[in-house]
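Engineer: Protein chains in written order, with this note's numbering: chain A, 2 to 66; chain B, 4 to 402.
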Amino acid sequence: MRVNVDTAACIGAGQCALVAPDVFDQDDDGIVMLLNAAPSEPEHAATRRAAALCPARVIVVDESE
Amino acid sequence: MTTTPTGCPVHPRVLPTDGTPLEPSPVLGEWREEGPATPLHYTDGHDGWIVTRHELARRVLEDPRFSQQPQRIPGETIPGGPELPYLDDEALASKRVANLLFLDGEAHSRVRRILMARFSVRAGRSQQPAIAAIVARQVAHLLTVGSPADLMAEFAAPISAAVHRLILGIPDARADEFARLFLSEAPVQDRVLFARAVIEQKRTDLDEDVLSDLIRSDLSAGEIDWVALVLMISGRDAAAYMMATSLLALLRHPDQLAALRDDPDLMGGAVEEFMRYGTMFVALFARTATEDVELGDTRFAAGESVSVSAVAANRDPQRFENPDEFDITRDAFGHLGFGHGIHGCLGQQIARIEIREAVGQLLAALPAVKLVSAEQLNPLPFAHPVATYSAGSVIVEWS
Ligand code: HEM
Ligand code: SF4
């Protein structure tokens with residue numbers, strides 16, 4: 002799994018950092034910070050969940066890798 | 004299938020007023036059965052739409068083809084609201100940038116980006132001890148007031164005001180003035196003057212808070228005053244509403260209350276269920292289609308207003324199993340209690356901590372708390388014509 006974030010679109014609502022804290026954090030300006038662009042298997046479900054919950058479609062999960 | 008907004012001319016479709024926060028109007032459910040969106044009559048005579056199904060609600064809120072302008076109101080207007088004072092051109096221009104919920108695209112993100120830093124998950128975590136201390140002081144106050152007491156007046160409302168002051172950075176010395184102007188009705192002019200005075204005072208005393216960030220930003224002086232004012236109003240009442248309504252939901256469901264007392268680790272998920280089950284926004288702020296928009300089987304024509312019912316979407320059986328059941332162990336994430344899309348609630352991480360602390364500490368302090376009465380168990384007038392449910396008083400007793 003590969004994760005990409007479009008930081009320019011982030012509105013800082015923090016859903017990602019709330020539901021997948023091992024993969025996402027927010028920087029000092031509140032903008033999403035990718036902690037792990039290639040999360041391991043146990044993180045997959047939480048990562049997909051964060052992508053689905055993100056209100057601004059910032060998070061793109063590529064399942065092909 | 005395509006439908007058009009042909010609301011009956013004799014009985015135009017308006018938001019039902021027979022619902023309560025914990026038992027929303029059955030009419031919303033009927034509309035949801037009919038289709039993902041149904042016609043809605045706005046107070047200016049315009050016929051637009053209301054979206055009641057969760058999936059379409061999310062799609063509308065994420066779609067940049069909808070604008071926050073013009074803002075049409077579906078709820079009953081509240082008569083006798085204070086008139087805006089005369090504003091010169093600069094003040095009018097400043098006022099236009101102030102309310103995030105009336106802005107689109109760049110104009111919106113320009114202001115939101117200035118504010119985001121203090122509302123992240125991490126920022127919330129660093130404010131957690133201070134919020135817990137505010138709640139602890141209010142629990143002590145409640146015990147002094149003694150049984151019976153109104154949870155809204157003696158607990159939820161004062162907490163919401165103190166947390167708001169903490170996050171924004173309104174000096175403690177102005178606590179009483181803030182409460183007088185923002186916890187009850189007050190002339191807008193007085194609130195404007197208050198916001199201005201606070202900003203003036205803080206200019207020489209910058210700190211780690213939202214108002215200081217505003218002053219440090221590239222907004223004009225007039226813009227700073229208005230954004231400050233809007234933030235003083237935004238979400239304070241909603242946080243109080245949610246604390247009171249969450250506690251009421253628990254008191255009405257003793258099994259859920261017992262489960263939460265037994266296992267405080269359930270609190271994180273429980274807060275999401277409070278937000279879903281006790282949703283405040285019968286309709287979010289109206290969106291207007293800037294072009295013809297087709298989403299699934301639903302077509303919105305350019306210029307039509309679309310309201311999203313967070314209450315209805317949060318009880319959509321296609322999204323939440325047994326939606327009318329209050330179940331703090333369910334996965335309620337994905338609810339629209341804080342909205343969704345680029346206007347999704349800025350204060351939601353702070354609000355989550357506030358609700359969690361208020362509910363947790365109150366239950367711990369009052370092991371034998373019981374409900375006496377709550378105004379919101381009967382339909383109340385909307386708190387805001389957008390429209391939102393009102394919390395009212397929640398009277399409890401304990402021994
Ligand atoms: C439990 C408490 C709260 C609830 C239920 C709530 C609910 C909401 C909802 C539903 C929206 C979106 C409205 C729409 O899209 O039409 C919103 C937006 C907003 N909320 Fe909250 N809110 C709460 C607490 C707060 C707090 C504590 C603040 C702190 C200042 C706040 C500030 C805002 C702001 C500034 C917006 C506009 C965001 C934008 O347009 O980008 N809210 N809130
Ligand atoms: S959920 Fe989306 S918008 Fe919110 S902080 Fe994370 S990436 Fe940004």
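Idealized CB from N, CA, C, for every residue including glycine. Computed from a predicted structure; not experimentally measured.
1) Between B/Arg56 and chain A, is the shortest Cβ-Cβ distance under 9 Å, so that the two count as touching?
2) For the ligand MG, is there any heavy atom lying closer than 8 Å to the beta carbon of B/Arg62?
3) Go through the residues and name those whose CB comes closer than 7 Å to any heavy atom of the ligand SF4, in chain order.
4) Use the C-beta contact count for B/Ala252: other C-beta atoms within 10 angstroms, 16 or more gives buried, fewer gives exposed.
5) Quick one: is B/Pro326 buried, meaning 16 or more other Cβ sit within 10 Å of its Cβ, or exposed?
6) If you scan the stretch 11-79 of chain B from start to end, which runs of the alpha helix (DSSP H) of 4 or more residues do you find wholly inside it?
7) Closer than 8 Å: is that where the CB of B/Val233 sits relative to any heavy atom of the ligand HEM?
8) By Cβ distance, which residues of its chain are closer than 7 Å to B/Glu86, with the 5 residues on each side in sequence left out?
9) Name the chain B residues whose beta carbon is nearer than 8 Å to that of A/Asp30?
10) Indicate the three-state DSSP secondary structure (helix, strand or coil) for B/Gln192 in the structure shown.
11) With DSSP as the reference, label A/Ala39 as helix, strand or coil.
12) I want to see whether chain A comes within less than 9 Å of B/Gln74, judged by CB atoms only; does it?
13) Count Cβ pairs between the stretch 204-216 of chain B and the stretch 347-365 of chain B that sit closer than 8 Å; are there 3 or more?
14) From B/His346, B/Leu104, B/Val100, B/Arg61, pick the residue whose C-alpha is nearest to that of B/Arg75; which is it?
15) With a threshold of 8 Å (Cβ to nearest heavy atom), would B/Arg194 be considered close to the ligand HEM?
16) What does the alpha-carbon distance come out to for the pair B/Pro82 and B/Gly127?
17) With a threshold of 16 other CB atoms inside 10 Å of the CB of B/Gln141, please say whether the residue is buried or exposed.
18) Using a threshold of 9 Å, state whether the C-beta atoms of B/Arg290 and B/Val314 are closer than that.
19) Given a threshold of 16 other Cβ atoms within 10 Å of its Cβ, counted over all protein chains shown, does B/Ala367 qualify as buried or as exposed?
20) Residues in the same chain with beta-carbon distance under 7 Å from B/Glu180, minus the five sequence neighbours each way, listed in chain order, please.
21) Is B/Thr332 buried or exposed, if buried means 16 or more other CB atoms sit within 10 Å of its CB?
22) In terms of alpha-carbon separation, which member of B/Gly38, B/Ala182, B/Val372 lies closest to B/Asp319?
23) How is B/His387 classed by DSSP in three states: helix, strand or coil?
24) Have a look at B/Ser341 and B/Arg115 and give me their C-alpha separation to the nearest angstrom.
25) Where B/Leu380 and B/Leu25 are concerned, what is the direct C-alpha to C-alpha distance, given to the nearest angstrom?
26) Have a look at A/Glu66 and A/Met34 and give me their C-alpha separation to the nearest angstrom.
27) Find the residues of chain B that neighbour A/Ala46, judging by a C-beta separation of less than 9 Å, and give them in chain order.
28) DSSP state of A/Met34, grouped into three classes?
29) Can you pull the chain B residues whose beta carbon is under 9 Å from the beta carbon of A/Ala21, in chain order?
30) Buried or exposed: which applies to B/Ala304, given that a residue is buried once 16 or more other Cβ atoms fall within 10 Å of its Cβ?
31) Measure from the alpha carbon of B/Ser187 to the alpha carbon of each residue in B/Arg239, B/Arg177, B/Ala176, B/Leu254, then state which is nearest.
32) Classify B/Arg61 as buried or exposed, calling it buried when 16 or more other Cβ atoms lie within 10 Å of its own Cβ.
33) For my contact list, B/Ser150 and B/Glu400 are in at a C-beta cut-off of 8 Å; report their separation, rounded to the angstrom.
34) Rounded to whole angstroms, what's the CA-CA distance from A/Asn11 to B/Met119? Just pull it up for me.
35) Look up B/Asp221 in the DSSP assignment and give the residues it is bridged to.
36) Starting from B/Val397, follow the beta strand (DSSP E) in both directions and report where the run begins and ends.
Structural biologist: Put simply:
1) no
2) Questions concerning the ligand MG fall outside what the structure shown contains, since the ligands it does hold are the ligand HEM and the ligand SF4.
3) A/Val6, A/Cys11, A/Ile12, A/Gly13, A/Ala14, A/Gly15, A/Gln16, A/Cys17, A/Ala18, A/Phe25, A/Gln27, A/Ile32, A/Val33, A/Ala51, A/Leu54, A/Cys55, A/Pro56, A/Ala57, A/Val59, A/Ile60
4) B/Ala252 comes out buried.
5) Buried, by the Cβ-count rule.
6) Entirely contained in the stretch 11-79 of chain B, the alpha helix (DSSP H) runs reaching 4 residues are, in chain order, 29-37, 57-65.
7) yes
8) Per-residue confidence for B/Glu86 stands at a pLDDT of 43, beneath the threshold of 50, marking its modelled position as unreliable; no derived number is given.
9) Arg116, Met119, Ala120
10) helix
11) coil
12) Output row for B/Gln74: interface = no.
13) Verdict: no, contact absent.
14) B/Arg75 has its Cα closest to that of B/Leu104, out of B/His346, B/Leu104, B/Val100, B/Arg61.
15) Set against 8 Å, the gap from the CB of B/Arg194 to the closest heavy atom of the ligand HEM is not smaller.
16) Because the pLDDT at B/Pro82 is just 44, under 50, the model does not fix this residue reliably, and the point stays unresolved.
17) buried
18) The Cβ atoms of B/Arg290 and B/Val314 do not sit closer than 9 Å to each other.
19) exposed
20) Phe197
21) Answer is exposed; the Cβ neighbour count stays below 16.
22) B/Gly38
23) Strand, per DSSP.
24) The sequence as given places Phe at residue 341 of chain B; Ser does not occur at that position. Straight-line Cα distance between these residues: approximately 16 Å.
25) 8 Å
26) Cα to Cα, A/Glu66 sits roughly 21 Å from A/Met34.
27) Ordered by position in chain B, no residue passes the 9 Å Cβ test against A/Ala46, which lies about 12 Å from the chain.
28) Secondary structure at A/Met34: strand, using DSSP grouped into helix, strand and coil.
29) Residues of chain B passing the Cβ test: none, with the nearest at roughly 11 Å.
30) exposed
31) B/Arg239
32) buried
33) 4 Å
34) The sequence given here places Cys at residue 11 of chain A; Asn does not occur at that position. The straight-line gap from Cα to Cα measures roughly 10 Å.
35) Beta-bridge pairing links B/Asp221 to no other residue.
36) 397-400
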